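Structure first, commentary second.
2 protein chains.
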Amino acid sequence: MAFKVIEIKKSVLDCNDRDAEALRQELKAKGVFLLNLMSSPGSGKTTTLMGTIPALVQRGWRVGVMEADIDSDVDAHTISATGARVIQLHTGGMCHLDAAMTRQGLEALGTDELDIVILENVGNLVCPAEFDTGAAKNAMILSVPEGDDKPLKYPLMFSVCHALLVNKIDTLPVFDFDLAAVEQRARQRNPQLKMFPVSARTGEGMEAWVGWLDRQIRAWKEQ
Amino acid sequence: MAFKVIEIKKSVLDCNDRDAEALRQELKAKGVFLLNLMSSPGSGKTTTLMGTIPALVQRGWRVGVMEADIDSDVDAHTISATGARVIQLHTGGMCHLDAAMTRQGLEALGTDELDIVILENVGNLVCPAEFDTGAAKNAMILSVPEGDDKPLKYPLMFSVCHALLVNKIDTLPVFDFDLAAVEQRARQRNPQLKMFPVSARTGEGMEAWVGWLDRQIRAWKEQ
Chain H
63 MAFKVIEIKK
73 SVLDCNDRDA
83 EALRQELKAK
93 GVFLLNLMSS
103 PGSGKTTTLM
113 GTIPALVQRG
123 WRVGVMEADI
133 DSDVDAHTIS
143 ATGARVIQLH
153 TGGMCHLDAA
163 MTRQGLEALG
173 TDELDIVILE
183 NVGNLVCPAE
193 FDTGAAKNAM
203 ILSVPEGDDK
213 PLKYPLMFSV
223 CHALLVNKID
233 TLPVFDFDLA
243 AVEQRARQRN
253 PQLKMFPVSA
263 RTGEGMEAWV
273 GWLDRQIRAW
283 KEQ
Chain F
63 MAFKVIEIKK
73 SVLDCNDRDA
83 EALRQELKAK
93 GVFLLNLMSS
103 PGSGKTTTLM
113 GTIPALVQRG
123 WRVGVMEADI
133 DSDVDAHTIS
143 ATGARVIQLH
153 TGGMCHLDAA
163 MTRQGLEALG
173 TDELDIVILE
183 NVGNLVCPAE
193 FDTGAAKNAM
203 ILSVPEGDDK
213 PLKYPLMFSV
223 CHALLVNKID
233 TLPVFDFDLA
243 AVEQRARQRN
253 PQLKMFPVSA
263 RTGEGMEAWV
273 GWLDRQIRAW
283 KEQ
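Taken in sequence, the protein lines are chains H and F.
So for the first sequence, this note's numbering puts the first residue at 63; every next one is plus one.
So for the second sequence, this note's numbering puts the first residue at 63; every next one is plus one.
So, in structure tokens, the structure goes:
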């Protein structure tokens, strides 16, 4: 090894877990499924939602969306075209949402007459993974142009997610990206992880993802 | 507007600025130029450095690199092939580097007989922008697949940088990406920003970027 490795220590302040669990139980009692969707900036969260929401509506689910962003409203504008109930959360520079912030958002959105609320978290592969939002399930998107080494570099994100969408597979011919390597690296951290190769742009693979999500909502409401 | 906008408040703890300024002055006195390189995960920081380092060495500069990552060593392994003095910083889950962490890294790397140290920050468009590392200059990479709306969504990052590399321009035919729109949106936040469209993969545009960096190092050492 031609270089030294330095471990910089982190100060941990974690009072979030109890809040998240309480919120999850409240949502469970109301029959509201909260999906926490995470990814890097620009991996296609909003485009994926534009394909996911109509498919959920078609299956009879009533959908709400919370768009978390540092500052802009561009994603909420885009999503509002689907007819879903949408709210924009401005985090004021914050890099993630915690359970208390998610609760603020849900109160402002209103969960009455909703079956699923999708939280589009801040575009960030690091911090959002550290904070349980109270979601029933976590999903993440990795897009092909980002590279197949990401499970090695952001292991916590891959560990805390139940579903991994590998997006922009229509660009596989353009990039040096090994889908099997991603699967193997991600499964090493998280053997239960469901992987869905998709192209939100072309619609390829979206049915498998929506089918999985549909089953999760159903199970959440039935249990 | 079909949705509400909620401002979530942030708690600010900022004791970093003095540390950063002190570090910058120490580096100035030693004639060491520190470049803080930031971007999303997968935008091509390491590949860009693989093209940048040999070009700097060719111009006579002695180069050191600090690779900050949550957990893995893959980037330091890659960079060590250039022959540059390399160190891997593990942030233990932290999403950014501050001035104190940067100082730890520089002490471990050793700055004697170096003209430029490049800090490859954690892949993240949010948190690293909030922490002055003590660098002489900040640069960021936005890659074409991430989309041209990023200056709207991550305004602070575009504000604190002196140079913007728009990477992966060889994939412009594949993505719906408006280079002029990025420039206009970024300049709105930061009129002084220098923009360099590049492809680290093909080498296109890299000369202009290295030329700019060369002038910055020269000015830093001469002043």
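A virtual CB, placed ideally from N, CA and C, is assigned to each residue, including glycine.
These numbers were taken from a predicted model, which means no experiment stands behind them.
For this session: Report all residues from its chain with a CB closer than 7 Å to the CB of Ala270 of chain H; omit the five preceding and five following residues, and keep chain order.
Result: In the first sequence, counting from the first residue as 1, residue 270 of chain H sits at position 208. The residues are Phe258.
Exercise. Cα separation between Trp123 of chain F and Asp177 of chain F?
Worked result: For the purposes of this step, residue 123 of chain F is taken as the residue at position 61 of the second sequence. For the purposes of this step, residue 177 of chain F is taken as the residue at position 115 of the second sequence. One C-alpha to the other measures close to 6 Å.
For this session: For Arg86 of chain H, I'd like the list of residues in its chain whose CB is within less than 6 Å of its CB, leaving aside the five on either flank, ordered along the chain.
Result: Within the first sequence, residue 86 of chain H is the residue found at index 24, counting from 1. Answer for Arg86 of chain H: Gly196, listed in chain order.
For this session: Could you check the C-alpha separation between Gly172 of chain F and Val125 of chain F for me, to the nearest Å?
Result: Position 110 of the second sequence holds residue 172 of chain F. Position 63 of the second sequence holds residue 125 of chain F. When rounded, the distance between both Cα atoms is 11 Å.
For this session: Per DSSP, which residues does Arg147 of chain H bridge with? Please list them.
Result: Within the first sequence, residue 147 of chain H is the residue found at index 85, counting from 1. DSSP links Arg147 of chain H through a beta bridge to H:Gly126.
For this session: Please name the residues in the segment 183-196 of chain H whose beta-carbon is closer than 8 Å to at least one beta-carbon of chain F, in chain order.
Result: For the segment 183-196 of chain H, the residues whose beta carbon sits under 8 Å from a beta carbon of chain F are, in order, Val184, Gly185, Asn186, Leu187, Val188, Cys189, Glu192.
For this session: May I ask you to list, following chain order, the residues of the segment 80-105 of chain F that have a beta carbon less than 7 Å from some beta carbon of chain H?
Result: So the list reads Ser102, Pro103, Gly104, given in the order they occur along the chain.
Exercise. Going along chain H in order, which residues have a C-beta closer than 9 Å to the C-beta of Thr233 of chain F?
Worked result: Within the second sequence, the letter at position 171 stands for residue 233 of chain F. Residues of chain H passing the Cβ test: Pro207, Thr233, Val236, Phe237.
Exercise. Tell me the DSSP bridge mates of Phe95 of chain F?
Worked result: The sequence position of residue 95 of chain F within the second sequence is 33, counting from 1. In DSSP, Phe95 of chain F forms a bridge with F:Ile178.
Exercise. How long is the line joining the alpha carbons of Phe95 of chain H and Ala281 of chain H, rounded to whole angstroms?
Worked result: By 1-based counting over the first sequence, the position of residue 95 of chain H is 33. By 1-based counting over the first sequence, the position of residue 281 of chain H is 219. So the alpha carbons of these two residues sit roughly 10 Å apart.
Problem set entry | Proximal residues of chain H, C-beta to C-beta of Asp133 of chain F below 9 Å | Mapped onto the second sequence, residue 133 of chain F falls at position 71. Those are Leu214, Lys215, Tyr216, Pro217, Leu218, listed as they occur along chain H.
For this session: Could you say which of F:Thr108, F:Glu266, F:Met163 lies nearest to Ala146 of chain F if we only look at CA atoms?
Result: Residue 146 of chain F sits at position 84 when you count from the first residue of the second sequence. Looking from the CA of Ala146 of chain F, the closest CA among F:Thr108, F:Glu266, F:Met163 belongs to F:Thr108.
Exercise. Hey, how far is the Cα of Thr140 of chain H from the Cα of Leu111 of chain H?
Worked result: As a position in the first sequence, residue 140 of chain H is number 78, starting the count at 1. As a position in the first sequence, residue 111 of chain H is number 49, starting the count at 1. About 10 Å.
Exercise. Nearest CA to the CA of Ser101 of chain F: which residue from F:Glu245, F:Gly155, F:Val206, F:Val119?
Worked result: By 1-based counting over the second sequence, the position of residue 101 of chain F is 39. Cα-wise, what sits closest to Ser101 of chain F is F:Val206.
For this session: Enumerate in chain order the residues of its own chain whose CB-to-CB distance from Met219 of chain F is below 7 Å, with the five nearest sequence positions on each side excluded.
Result: Here residue 219 of chain F refers to the residue found at position 157 of the second sequence. If we look at Met219 of chain F and ignore the five residues flanking it on each side, its Cβ neighbours are Met100, Leu187, Ala191, Met202.
Problem set entry | Whole-angstrom distance between Thr114 of chain F and Ala248 of chain H, CA atom to CA atom | The residue given as residue 248 of chain H occupies position 186 in the first sequence. The residue given as residue 114 of chain F occupies position 52 in the second sequence. Rounded to the nearest whole angstrom, the CA to CA distance from Ala248 of chain H to Thr114 of chain F is 31 Å.
Problem set entry | Among F:Ala91, F:Gln250, F:Met128, F:Arg80, the one whose alpha carbon lies nearest that of Val179 of chain F | As a first step, residue 179 of chain F must be located in the second sequence, where it is residue number 117. Comparing alpha carbon positions, the residue from F:Ala91, F:Gln250, F:Met128, F:Arg80 closest to Val179 of chain F is F:Met128.
Exercise. Using the beta-carbon count (16 or more within 10 Å), is Ala138 of chain H buried or exposed?
Worked result: Taking the first sequence and counting its residues from 1, the one referred to as residue 138 of chain H is at position 76. That one is buried.
Exercise. Between Ala243 of chain H and the rest of its own chain, which residues show a CB-CB distance below 6 Å, the 5 nearest in sequence each way excluded?
Worked result: Locating residue 243 of chain H in the first sequence gives position 181, counting from the first residue. In the same chain as Ala243 of chain H, and ignoring 5 residues on each side of it, the C-beta atoms closer than 6 Å to its own belong to Asp210, in chain order.
Exercise. How would you call Asp81 of chain F, buried or exposed, if buried means at least 16 neighbouring beta carbons within 10 angstroms?
Worked result: The count along the second sequence starts at 1 and reaches residue 81 of chain F at position 19. Classification of Asp81 of chain F: buried, given that the 10 Å Cβ count is 16 or more.
For this session: State the Cα-Cα distance for the pair Leu168 of chain F and Met156 of chain F, rounded to the nearest angstrom.
Result: Taking the first residue of the second sequence as 1, we reach residue 168 of chain F at position 106. Taking the first residue of the second sequence as 1, we reach residue 156 of chain F at position 94. If you take the alpha carbons of Leu168 of chain F and Met156 of chain F, they lie about 18 Å apart.
Exercise. Of the residues that make up the segment 117-144 of chain H, which ones have a beta carbon closer than 7 Å to any beta carbon in chain F?
Worked result: Within the segment 117-144 of chain H, contact with chain F at the beta-carbon level (separation under 7 Å) is assigned to Asp131, Ile132, Asp133, Ser134, Asp135, Val136, Ala138, Ser142.
Exercise. What is the residue span of the beta strand (DSSP E) that Val119 of chain F lies within?
Worked result: Indexing the second sequence from 1 puts residue 119 of chain F at position 57. Counting along the chain, Val119 of chain F falls outside any beta strand (DSSP E), though it belongs to the alpha helix (DSSP H) covering 107-120.
Exercise. Does DSSP classify Pro103 of chain F as helix, strand or coil?
Worked result: On the second sequence, position 41 is the one that residue 103 of chain F refers to. The answer is coil: DSSP assigns Pro103 of chain F none of H, G, I, E or B.
Problem set entry | C-beta neighbour in chain H for Cys77 of chain F, strict 9 Å | Numbered from 1 along the second sequence, position 15 holds the residue referred to as residue 77 of chain F. The beta carbon of Cys77 of chain F does not come within 9 Å of any beta carbon belonging to chain H, so the residue lies off that interface.
Problem set entry | Distance, Gln250 of chain H Cα to Ser221 of chain H Cα | Position 159 of the first sequence, counted from the first residue, corresponds to residue 221 of chain H. Position 188 of the first sequence, counted from the first residue, corresponds to residue 250 of chain H. Their Cα atoms are separated by approximately 9 Å.
Exercise. For Pro103 of chain F, which residues of its own chain have a beta-carbon under 6 Å away from its beta-carbon, when the five flanking residues on both sides are left out?
Worked result: By 1-based counting over the second sequence, the position of residue 103 of chain F is 41. Answer for Pro103 of chain F: Gly185, listed in chain order.
Exercise. Where does the unbroken beta strand (DSSP E) through Pro213 of chain H begin, and where does it stop?
Worked result: Working through the first sequence from its first residue, we reach residue 213 of chain H at position 151. It is not in any beta strand (DSSP E) - Pro213 of chain H instead sits in the alpha helix (DSSP H) that spans 212-215.
Problem set entry | Gly273 of chain H versus Ala130 of chain H: straight-line alpha-carbon distance, rounded | By 1-based counting over the first sequence, the position of residue 273 of chain H is 211. By 1-based counting over the first sequence, the position of residue 130 of chain H is 68. Each residue's Cα considered, the two are about 25 Å apart.
For this session: Can you tell me which of the three DSSP states Ala262 of chain F falls into?
Result: Translated into positions along the second sequence, residue 262 of chain F becomes position 200. Note: Ala262 of chain F maps to coil in three-state DSSP.
Exercise. Roughly how many angstroms separate the alpha carbons of Ile70 of chain F and His158 of chain H, rounded to a whole number?
Worked result: Taking the second sequence and counting its residues from 1, one reaches residue 70 of chain F at position 8. Taking the first sequence and counting its residues from 1, one reaches residue 158 of chain H at position 96. Residue confidence for Ile70 of chain F is low, a pLDDT of 47 falling below 50, so the modelled location carries little weight; the figure read from the coordinates is stated next. The straight-line gap from Cα to Cα measures roughly 11 Å.
Exercise. Are the beta-carbon atoms belonging to Asp160 of chain H and Asn78 of chain H less than 9 Å from one another?
Worked result: Working through the first sequence from its first residue, we reach residue 160 of chain H at position 98. Working through the first sequence from its first residue, we reach residue 78 of chain H at position 16. Here Asp160 of chain H is near Asn78 of chain H, since their CB atoms are less than 9 Å apart.
For this session: Please confirm if Gly155 of chain F has its CB atom under 9 Å from at least one CB of chain H.
Result: Mapped onto the second sequence, residue 155 of chain F falls at position 93. Any Cβ of chain H closer than 9 Å to the Cβ of Gly155 of chain F would place that residue at the interface, and such an atom is present.
Exercise. Are the C-beta atoms of Asp174 of chain H and some chain F residue less than 9 Å apart?
Worked result: As a position in the first sequence, residue 174 of chain H is number 112, starting the count at 1. No, no contact with chain F.
Exercise. With burial defined as no fewer than 16 other Cβ atoms inside 10 Å of the residue's Cβ, what is the status of Pro217 of chain H: buried or exposed?
Worked result: Position 155 of the first sequence, counted from the first residue, corresponds to residue 217 of chain H. Buried, since its Cβ has 16 or more Cβ neighbours within 10 Å.
For this session: Return the Cβ separation of Thr264 of chain F and Val236 of chain H in integer angstroms, given the expectation that the two are a contact with Cβ distance under 8 Å.
Result: Taking the first residue of the second sequence as 1, we reach residue 264 of chain F at position 202. Taking the first residue of the first sequence as 1, we reach residue 236 of chain H at position 174. 12 Å between Cβ atoms; not a contact.
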